[in-house]
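To start, the structure under review is shown below, and the notes come after it.
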Amino acid sequence: MFLDSDLLLSALRALTPILLAALGGAICERAGVFNIGLEGMMLMGCFTAVATSWFTGSAWLGVLAAALAAGAYSLILAVGAVTLRGDAVVLGVAMNLLAVGLTGFLLRTVFGVQGTFDDPSLAGLPLVGGFTPLTYLSWAAVAVAAVLLSRHVWGLRLRGVGEAPDAAATLGVSPVKYKYGAILTSGVLCGLAGAQLALGNVTLFTENMTAGRGWIAVVAVMLGRAAPVGVLLAALLFGLAEAAGFRLQGLGLPQQATDAAPYVVTLGALFLTTARRRRRIRPSGAAS
Amino acid sequence: MPRRLRRSLQLAATTALVVTTATACNAAAKKDASDSASGGSGKSFTLVTPDAVGQNEFLKLAVSGIKDAAKQHDGSQKVYESTDTASQQQNVQAAVDAEPDVIVLVGFEFADIVAQQAEKNPEQQFLIVDACTTKTYKNVSCAVFREHEGVFLAGAEAGLLSKSGKVGAVDVLDTPQFRRYSDPFAAGAKKVAAKTETSTRFVGGQSPFDDSARAKEQANTLLSKGYDQIMAAAAAGNYGVFEAAKAKGAYAYGVDVNQCLSAPGTVVDNVIKRTDVAVEKGIEAVLTGKTGTTVSYGLKEGGISLTGLEDGVDSSKCVIAEHKDVLKQVEALRDQIVAGKLTVDDPAAS
Numbered sequence: 162m163f164l165d166s167d168l169l170l171s172a173l174r175a176l177t178p179i180l181l182a183a184l185g186g187a188i189c190e191r192a193g194v195f196n197i198g199l200e201g202m203m204l205m206g207c208f209t210a211v212a213t214s215w216f217t218g219s220a221w222l223g224v225l226a227a228a229l230a231a232g233a234y235s236l237i238l239a240v241g242a243v244t245l246r247g248d249a250v251v252l253g254v255a256m257n258l259l260a261v262g263l264t265g266f267l268l269r270t271v272f273g274v275q276g277t278f279d280d281p282s283l284a285g286l287p288l289v290g291g292f293t294p295l296t297y298l299s300w301a302a303v304a305v306a307a308v309l310l311s312r313h314v315w316g317l318r319l320r321g322v323g324e325a326p327d328a329a330a331t332l333g334v335s336p337v338k339y340k341y342g343a344i345l346t347s348g349v350l351c352g353l354a355g356a357q358l359a360l361g362n363v364t365l366f367t368e369n370m371t372a373g374r375g376w377i378a379v380v381a382v383m384l385g386r387a388a389p390v391g392v393l394l395a396a397l398l399f400g401l402a403e404a405a406g407f408r409l410q411g412l413g414l415p416q417q418a419t420d421a422a423p424y425v426v427t428l429g430a431l432f433l434t435t436a437r438r439r440r441r442i443r444p445s446g447a448a449s
Numbered sequence: 145m146p147r148r149l150r151r152s153l154q155l156a157a158t159t160a161l162v163v164t165t166a167t168a169c170n171a172a173a174k175k176d177a178s179d180s181a182s183g184g185s186g187k188s189f190t191l192v193t194p195d196a197v198g199q200n201e202f203l204k205l206a207v208s209g210i211k212d213a214a215k216q217h218d219g220s221q222k223v224y225e226s227t228d229t230a231s232q233q234q235n236v237q238a239a240v241d242a243e244p245d246v247i248v249l250v251g252f253e254f255a256d257i258v259a260q261q262a263e264k265n266p267e268q269q270f271l272i273v274d275a276c277t278t279k280t281y282k283n284v285s286c287a288v289f290r291e292h293e294g295v296f297l298a299g300a301e302a303g304l305l306s307k308s309g310k311v312g313a314v315d316v317l318d319t320p321q322f323r324r325y326s327d328p329f330a331a332g333a334k335k336v337a338a339k340t341e342t343s344t345r346f347v348g349g350q351s352p353f354d355d356s357a358r359a360k361e362q363a364n365t366l367l368s369k370g371y372d373q374i375m376a377a378a379a380a381g382n383y384g385v386f387e388a389a390k391a392k393g394a395y396a397y398g399v400d401v402n403q404c405l406s407a408p409g410t411v412v413d414n415v416i417k418r419t420d421v422a423v424e425k426g427i428e429a430v431l432t433g434k435t436g437t438t439v440s441y442g443l444k445e446g447g448i449s450l451t452g453l454e455d456g457v458d459s460s461k462c463v464i465a466e467h468k469d470v471l472k473q474v475e476a477l478r479d480q481i482v483a484g485k486l487t488v489d490d491p492a493a494s
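First to last, the protein sequences are chains A and B. When we follow my numbering, the leftmost residue of the first sequence carries the number 162, and every step to the right adds one. When we follow my numbering, the leftmost residue of the second sequence carries the number 145, and every step to the right adds one.
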């Protein structure tokens, strides 16, 4: 009755954009770059996807353009934080603000409308088995990222760069190259997340349509401790909590209470994971 | 370390600069004063809009309202289009400097700006449409709408058209003001089909006005339970609601302007605000000395209506155009409300 297939479908639809962005965030985190610009990169992806799909008539070109545009946008962080050694947090916040202003400005100049661009003939992504192909791609990306990070030489070097950049450099691994790679990958993944949101979840562009999903992805990175599978579980938890929150409204709970569902779940999960971690650490601490 | 700090500060400053220049491009106030020939009586009116008029029907109606008022009073009119908060302020200041007989402002965005200006310029008459200042001023008149009356009629249409006997609404937030778009919808449906089941979902979340994906999921939870008529009062989320309804072959109802064009065959009707009526009648009241009052416009005054009850319904692309029998019953209900025989409960009444 409450836990039916609709709930799961709704949770999986909410999951995809968050998961793609969070995977990008996790890769950056592993390379030692704290990326909080996910929201802004995702929004750039949303706009580029819709604009390209509208002018070319192909949703797939929209997806491609979104990945490229958000990848290019992520260069702000790469150049700023890696080459110029700026503060990644300051840069991330600026990128988020810039994306809102820039997409709003472009919406006005390119489409001549304000707020929302929506047209019945805008081409969206096709559904395969109830989901967009990007949904399946996001699941595959989790597996690929997990294997690369733990088994492949690239992943090992990336983690080395993140944990001890100087040591990595002495071994001939260029931290700059790996950090650039991680940031650009996160940009491409965020672009895909934006395309999924604007051409998959809905088929339109609204100013600020990411509505905090990039921030939830940042939290998912931290909750999943930057491991691809952990991030998947954290993002899935959010998706389920949100979908369940919608259902609770149907049972008569006030909106203000159901809105809190994802945050209550986050706090609970944080509490549980840290409690377990502390229990594991304590015995060795007592011995020393 | 200091060098690093200086670098990051530098960087932060440059990015901040880029951000401000990007937004500054928007800030260029667009003031295309469409001067009409100055008339004999010398009455002058200025309309300040919160956004560019463009294809915004809500604002287009306000512009035609002020043009009609100028014609009626043999006077002149100007329209100042704003594009953002900064240009709203500038435009109101420019309007005040020109000292027209009445300055008309559309939208809640102007409530605070007008409060300041009204205190500084006690001789200047202001008319705010679709909002009001929190304090009352002798020189500020307000025109507000009784949206709930129109929503009730839309609910009646839904009650008559529903095959499953379940009608729902997707609303922005659970507050009395927004409940004006959902509670009367349920009441209207129950008025024509007493057994109708009703339910409301609120979008909520971090940005309830922009999150169309979330609004779509909220609509989906109603649709999966068999609701086949959905009132969409979710601001930008409306487009998400329309997509959800279209995918399931259900029907939706829009607000403020004719939204049938967004999803022909899915949107049945819209609760529209006739800003032109409010502007025209509001100016009339100010000129006859009735200032500093708040007047509400509903079905009776012609300030609230449905697309289906207006001229041009056949070319509106609204589903209701194919249901003349339903429209007849809705017209009868409207006449009862206008005659005062039927009152619609206002959720925002305190």
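A virtual CB, placed ideally from N, CA and C, is assigned to each residue, including glycine. A quick note: this is a predicted structure, and the numbers were derived from the prediction, not measured.
Using a cut-off of 9 Å between C-beta atoms, extract the partners of residue 368 (chain A) located in chain B.
-> Taking the first residue of the first sequence as 1, we reach residue 368 (chain A) at position 207. Here the neighbours are 354, 380.
For residue 271 (chain A) and residue 214 (chain A), the rounded distance between their alpha carbons = Translated into the one-based positions of the first sequence, residue 214 (chain A) becomes position 53. Translated into the one-based positions of the first sequence, residue 271 (chain A) becomes position 110. Rounded to whole angstroms, residue 214 (chain A) to residue 271 (chain A) spans 13 Å at the Cα level.
Got a sec: is the Cβ-Cβ distance from residue 242 (chain B) to anything in chain A below 9 Å?
-> For the purposes of this step, residue 242 (chain B) is identified with residue 98 of the second sequence, where counting begins at 1. No - not a single Cβ of chain A is within 9 Å of the one on residue 242 (chain B).
Which chain B residues sit within Cβ distance under 9 Å of residue 358 (chain A)?
-> On the first sequence, residue 358 (chain A) is found 197 positions in, with the first residue counted as 1. What residue 358 (chain A) touches in chain B: 357.
Test: residue 365 (chain A) CB closer than 9 Å to a CB of chain C = Chain labels in this structure do not include chain C; the protein chains are A and B.
Starting from the Cα of residue 251 (chain B), find the closest Cα among B:271, B:188, B:442 and give me that residue.
-> Sequence index remark: in the second sequence, residue 251 (chain B) carries index 107 (1-based). Among B:271, B:188, B:442, the Cα nearest to that of residue 251 (chain B) is on B:271.
For residue 387 (chain B), return the contacting residues in chain A, with the cut-off set at a CB-CB distance below 7 Å.
-> As a position in the second sequence, residue 387 (chain B) is number 243, starting the count at 1. By Cβ distance, chain A contributes 363, 364.
Which residues in the same chain have their Cβ closer than 6 Å to the Cβ of residue 525 (chain A), if we skip the five residues on either side of it in sequence?
-> Any question about residue 525 (chain A) goes unanswered here, given that chain A covers just 162 to 449.
Reduced DSSP secondary structure (H/G/I, E/B, other) of residue 174 (chain B) | The residue you call residue 174 (chain B) lines up with position 30 of the second sequence. Because the pLDDT at residue 174 (chain B) is just 44, under 50, the model does not fix this residue reliably, and the value given afterwards should be weighed accordingly. Residue 174 (chain B) falls in the strand class under three-state DSSP.
Could you please give the first and the last residue of the uninterrupted alpha helix (DSSP H) stretch that includes residue 327 (chain B)?
-> The sequence position of residue 327 (chain B) within the second sequence is 183, counting from 1. Taken as a continuous stretch (DSSP letters only), the alpha helix (DSSP H) holding residue 327 (chain B) covers 327-336.
So who's on the other strand from residue 312 (chain B), going by DSSP bridges?
-> Residue mapping note: residue 312 (chain B) aligns to position 168 of the second sequence, counting from 1. DSSP output for residue 312 (chain B) lists B:343, B:374 as bridge partner(s).
Tell me which same chain residues have a C-beta within less than 8 Å of the C-beta of residue 254 (chain B), skipping the five on either side of it?
-> The sequence position of residue 254 (chain B) within the second sequence is 110, counting from 1. Excluding sequence neighbours, residue 254 (chain B) sits near 192, 194, 232, 236, 272, 275.
Would you mind telling me which residues of chain A sit closer than 8 Å to residue 198 (chain B), beta carbon to beta carbon, in chain order?
-> As a working mapping, residue 198 (chain B) is identified with position 54 in the second sequence. Under the 8 Å cutoff, chain A gives 273, 274, 275.
Taking Cβ to Cβ, would you say residue 446 (chain B) is nearer than 9 Å to residue 430 (chain B)?
-> As a working mapping, residue 446 (chain B) is identified with position 302 in the second sequence. As a working mapping, residue 430 (chain B) is identified with position 286 in the second sequence. Going by beta carbons, residue 446 (chain B) and residue 430 (chain B) fall outside the 9 Å limit.
Between the stretch 338-352 of chain B and chain A, which residues of the former have CB atoms less than 9 Å from a CB of the latter, in chain order?
-> Contact residues of the stretch 338-352 of chain B toward chain A are 343, 344, 345, 346, 347, 348, 349, 350, 351, 352 (C-beta to C-beta distance below 9 Å).
Which whole-angstrom value describes the C-beta separation of residue 474 (chain B) and residue 301 (chain B), a residue pair presumed to lie in contact below a C-beta threshold of 8 Å?
-> The count along the second sequence starts at 1 and reaches residue 474 (chain B) at position 330. The count along the second sequence starts at 1 and reaches residue 301 (chain B) at position 157. Yes, they are in contact, since the Cβ atoms of residue 474 (chain B) and residue 301 (chain B) sit about 6 Å apart, within 8 Å.
Do you know offhand how far residue 175 (chain B)'s Cα is from residue 212 (chain B)'s?
-> Translated into positions along the second sequence, residue 175 (chain B) becomes position 31. Translated into positions along the second sequence, residue 212 (chain B) becomes position 68. Note that residue 175 (chain B) scores 47 on pLDDT, short of 50, meaning its location in the model is unreliable; the coordinates nonetheless yield the value given after this. In this structure, the CA atom of residue 175 (chain B) is about 20 Å from the CA atom of residue 212 (chain B).
Best match in B:442, B:424, B:303 for proximity to residue 205 (chain B) [C-alpha to C-alpha] | Here residue 205 (chain B) corresponds to residue number 61 of the second sequence, with the count starting at 1. If we check each option's Cα against that of residue 205 (chain B), B:424 comes out closest.
Looking at the unbroken beta strand (DSSP E) that takes in residue 195 (chain A), where does it start and where does it end?
-> By one-based count along the first sequence, residue 195 (chain A) stands at place 34. Per DSSP, residue 195 (chain A) lies in no beta strand (DSSP E) segment and is marked neither H nor E.
Give a yes or no on whether the C-beta atoms belonging to residue 291 (chain B) and residue 439 (chain B) are separated by under 9 Å.
-> Position 147 of the second sequence, counted from the first residue, corresponds to residue 291 (chain B). Position 295 of the second sequence, counted from the first residue, corresponds to residue 439 (chain B). No. Outside cutoff.
Where residue 179 (chain B) sits in the DSSP three-state scheme = Locating residue 179 (chain B) in the second sequence gives position 35, counting from the first residue. At residue 179 (chain B), the pLDDT of 45 sits below 50, so the modelled position is not reliable; the number obtained from the coordinates is stated separately. It is coil, neither helix nor strand.
Taking the alpha carbon of residue 306 (chain A) as the point to measure from, which residue in A:389, A:422, A:362 has its own alpha carbon closest?
-> Residue mapping note: residue 306 (chain A) aligns to position 145 of the first sequence, counting from 1. For residue 306 (chain A), the nearest C-alpha among the options comes from A:389.
Of the residues that make up the stretch 381-412 of chain A, which ones have a beta carbon closer than 9 Å to any beta carbon in chain B?
-> Here the close residues are 403, 404, 406, 407, 408, 410, 411.
Counting only beta-carbon atoms, is residue 251 (chain B) nearer than 9 Å to chain A?
-> Position 107 of the second sequence, counted from the start, is the residue given in the question as residue 251 (chain B). Taking 9 Å as the threshold, the shortest C-beta distance from residue 251 (chain B) to chain A does not fall below it.
Going by C-alpha distance, which of A:285, A:330, A:404 is nearest residue 169 (chain A)?
-> By one-based count along the first sequence, residue 169 (chain A) stands at place 8. Of the listed residues, the one whose Cα sits closest to residue 169 (chain A) is A:404.
Hey, how far is the Cα of residue 395 (chain B) from the Cα of residue 359 (chain B)?
-> If you number the second sequence from 1, residue 395 (chain B) lands on position 251. If you number the second sequence from 1, residue 359 (chain B) lands on position 215. The alpha-carbon atoms of residue 395 (chain B) and residue 359 (chain B) are separated by roughly 15 Å.
Relative to chain B, which residues along the stretch 174-203 of chain A have a C-beta separation below 9 Å, given in chain order?
-> Legend: CB atoms of the stretch 174-203 of chain A lying less than 9 Å from CB atoms of chain B belong to residues 174, 175, 178.
What does residue 384 (chain B) touch in chain A if you count any residue whose Cβ is under 7 Å from its own?
-> The sequence position of residue 384 (chain B) within the second sequence is 240, counting from 1. Per Cβ cutoff of 7 Å: 363.
List, in order along the chain, the chain B residues whose C-beta lies closer than 8 Å to that of residue 372 (chain A)?
-> Here the question's residue 372 (chain A) lines up with position 211 in the first sequence. Simply 349, 350, 351, 354, 355, 357, 358.
Would residue 200 (chain A) be called buried (16 or more neighbouring beta carbons within 10 Å of its own) or exposed?
-> Position 39 of the first sequence, counted from the start, is the residue given in the question as residue 200 (chain A). Under this definition residue 200 (chain A) is a buried residue.
State yes or no: is the C-beta of residue 350 (chain A) within less than 9 Å of the C-beta of residue 359 (chain A)?
-> For the purposes of this step, residue 350 (chain A) is taken as the residue at position 189 of the first sequence. For the purposes of this step, residue 359 (chain A) is taken as the residue at position 198 of the first sequence. For residue 350 (chain A) and residue 359 (chain A), no; Cβs fall outside 9 Å.
Of all Cβ atoms in chain B, is any one closer than 9 Å to the Cβ of residue 294 (chain A)?
-> If you number the first sequence from 1, residue 294 (chain A) lands on position 133. No, because no Cβ of chain B sits closer than 9 Å to the Cβ of residue 294 (chain A).
Could you pull the start and end residues of the beta strand (DSSP E) that residue 414 (chain B) belongs to?
-> Against the second sequence, residue 414 (chain B) aligns to sequence position 270. Element bounds for residue 414 (chain B): 411-417.
So what does DSSP say about residue 484 (chain B), is it helix, strand or coil?
-> Walking along the second sequence from the start, residue 484 (chain B) turns up at place 340. Coil, per DSSP.
With DSSP run on the structure shown, which of helix, strand or coil describes residue 351 (chain A)?
-> To locate residue 351 (chain A), count along the first sequence from 1; it is residue 190. Correct three-state label for residue 351 (chain A): helix.
Local conformation of residue 477 (chain B) per DSSP, three classes | Reading the second sequence from its first residue, position 333 is the one you call residue 477 (chain B). The answer is helix: DSSP assigns residue 477 (chain B) an H, G or I state.
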